[in-house]
Structure formats: C-alpha cells, structure tokens
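In UniProt numbering, the protein residues as written are 1 to 373. Built from N, CA and C at the ideal position, the CB exists for glycine as well.
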C-alpha cells in the first residue's frame with residue numbers, strides 16, 4: 001500500500017507536470033475518509049460538505065463558462081485559422097495553468113495530511129507506550145458497553161495499523177480533512193473533465209499540427225520548385241547573355257562583312273576601271289599590232305618584190321656576162337663603156353621599181369626601203 005509520504009515523494013520527483021494521471025492515489029482518500037460517518041463527526045461534516053460542494057459547483061460553472069465563451073466566440077465569429085489557433089493556444093495555456101494550480105493544491109493538502117498523520121501517529125505511539133498493549137482489550141470491552149445509535153458504526157483498529165486514534169479535541173481537523181477530501185473528489189472530477197477537454201483539444205491540435213505539417217511540406221515543395229525555377233532563370237539568363245554575345249558578334253561580323261563588301265566593291269570598281277583601262281590599252285595595242293602587221297606584210301611584200309627584182313637583175317647580169325664572153329672582139333674600152341652604161345642603166349631601173357613599191361607602201365615600208373636604197 002502506498003502511503004502519503006510516498007505519494008508526496010512521487011510528486012516531488014515528477015517535476016510538476018500539469019497533466020498527471022496519478023497525482024493523488026486512490027488509496028489515500030479512502031483512508032482519510034473512513035471516519036466520515038462515524039460517531040465523532042456528528043451532523044456538522046455533512047453541512048460543511050454541502051456548502052463546499054455548492055461553492056465548488058459555482059467555481060466549476062464559472063470556469064466552464066469562460067471556456068464556453070471562448071468556444072462561442074470562435075464559432076460565432078467564424079474567424080480565420082490563425083485566430084483560432086491563438087484561441088486554442090490560450091485555452092491550452094489556461095488549462096495547463098489550472099492543472100498546475102490543482103496539482104499545487106493537491107500537494108499542499110498532501111503535505112497537510114502528512115503532517116497531521118505524523119502528529120496522530122506520534123500521539124498514538126505515546127498512548128501505546130503509556131497504556132501498554134492491553135489498551136486494545138480495554139477499549140473493546142468499553143465499546144461493548146456503549147449503546148450504538150442507528151446508522152452508526154464503531155471502528156476497531158489493530159495496533160499494528162498506521163491509522164491513528166483521533167482524539168476528541170481534533171474534530172476541527174477532521175472536518176477540514178473531510179472538506180479537503182470532498183474538494184479532492186471534486187477536483188478529480190474537474191481534472192477528469194479538463195483532461196477530456198484537453199484530449200479533445202489535443203486531437204484538434206493534432207489535426208492542426210498535421211495541417212501545419214502538410215502546409216510546411218507544401219512550402220518545402222514550393223521552396224524546392226522556386227529553387228529549381230531560380231536555377232532555370234539563372235541558366236536562361238546565361239543563355240540570354242550568350243545569345244546577346246552571339247548577336248553582338250554576328251552584328252560585328254555583319255559590319256565587318258559590309259565594310260569588307262564596301263571595300264571589295266570599291267576594289268572591284270577600281271579593278272574594273274583598271275581592267276577597262278588595260279582593255280582599252282590592249283585594244284589600242286592590238287590596233288597598233290594590226291597596223292604593224294600590215295606594215296610588216298607590206299614590207300615583206302616589198303622585200304619579196306625586191307628579191308624578185310634582184311633575181312631578175314642578176315639574171316640580166318648573167319646574160320650580160322655571157323654576152324660579154326661571146327663578144328671577145330670588142331675592145332677593153334668598149335667593155336669599159338659598156339660596163340659603165342650597164343651600171344648606169346641598172347640603178348635607174350632599180351630606183352624606178354623601188355620608188356613604185358615605196359609609193360604603194362606606208363610608214364615602216366617606206367622608211368625601210370629608203371634605208372635600204
């Protein structure tokens with residue numbers, strides 16, 4: 001069996017949690033409430049208990065009214081989830097505060113009960129040492145002689161039990177103990193209701209936590225998507241910069257090509273002009289060449305005619321030489337005269353023929369013929 005002192009130590013070691021299921025053990029209350037309807041109580045404990053019950057009921061109604069107002073405010077206003085979460089958080093905080101106060105009051109009652117039990121045990125041990133072990137038999141004999149009223153019960157205790165004998169002078173303490181016991185019962189019921197409401201609120205909070213976790217997951221997904229989109233934007237910006245550079249290079253190349261084409265067109269024009277000039281020069285040279293060829297042809301004709309004339313003159317000279325050989329009868333003088341006449345006749349004939357050729361020829365042929373003759 002767990003004693004009051006052990007219960008106190010368990011509470012001190014528990015750390016003061018606001019939602020403890022075993023703050024007050026079930027064995028403590030029956031031990032403290034056994035003498036409630038005994039002869040020592042009389043009719044005063046029931047009246048005090050009735051007053052305490054009505055007071056506790058009013059207190060419970062006020063507490064419940066506060067939470068009902070909060071629920072009605074949340075449901076009637078139809079506010080957003082953030083306000084509801086704030087209301088639920090305040091509600092949970094108030095429940096925790098209330099549970100903490102209940103546990104503190106229970107601890108105070110346990111401490112008070114422990115002190116009184118120690119006093120009662122000390123008084124019992126004092127009486128036991130004073131009257132000896134035969135006091136139990138004498139008390140049993142005295143109890144047989146007493147007349148019991150209806151509804152009353154005489155409590156007999158073993159000497160080895162921890163339940164002390166309460167003196168008649170401790171009736172006030174017993175009343176307080178009974179009131180505290182009733183208060184403990186009411187607080188237990190209230191604590192049970194509060195725990196039920198806390199469990200309901202816990203389920204709501206769990207749902208809200210799940211919703212918040214889902215929202216967090218969605219936000220994480222959105223952050224991931226935003227990161228991917230940012231990377232894509234960076235890559236697109238890089239591609240755009242590259243395209244701008246390519247476009248700039250293309251523009252530069254086009255400008256260079258246009259300048260090159262302009263220079264090429266200028267060069268082509270100059271080349272065309274030069275080619276035209278060269279063509280004109282070549283045409284002129286061809287004309288001159290043709291003229292020179294004509295002149296050369298005329299000169300060749302003149303030379304051929306000269307050769308024919310020379311051949312004819314040689315033939316004539318040969319005939320003259322043959323005639324001179326046959327005419328051996330002539331004298332040397334006649335030979336000299338004949339030779340002189342032949343020499344004079346020969347240049348005259350040649351000069352006349354060549355003058356005809358020179359008059360028919362032009363330019364170079366005339367000069368050539370004149371140079372020859």
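Beta carbon of residue i nearer than 8 Å to that of residue j
i	j	result
residue 194	residue 93	no
residue 191	residue 102	yes
residue 109	residue 222	no
residue 95	residue 198	yes
residue 177	residue 113	yes
residue 210	residue 91	no
Supposed close pair residue i, residue j - CB separation, criterion 8 Å
i	j	result
residue 85	residue 219	Not a contact, Cβ separation roughly 17 Å.
residue 204	residue 88	7 Å
Continuous alpha helix (DSSP H) stretch holding residue i: start and end
i	result
residue 123	81-131
Interface flag, residue i vs chain D, CB-CB below 8 Å
i	result
residue 62	Here there is only one protein chain, and chain D is not present.
Entirely enclosed alpha helix (DSSP H) segments - the segment 192-216, minimum 4 residues: none
Any alpha helix (DSSP H) of 4 or more consecutive residues that is wholly inside the segment 256-318: none
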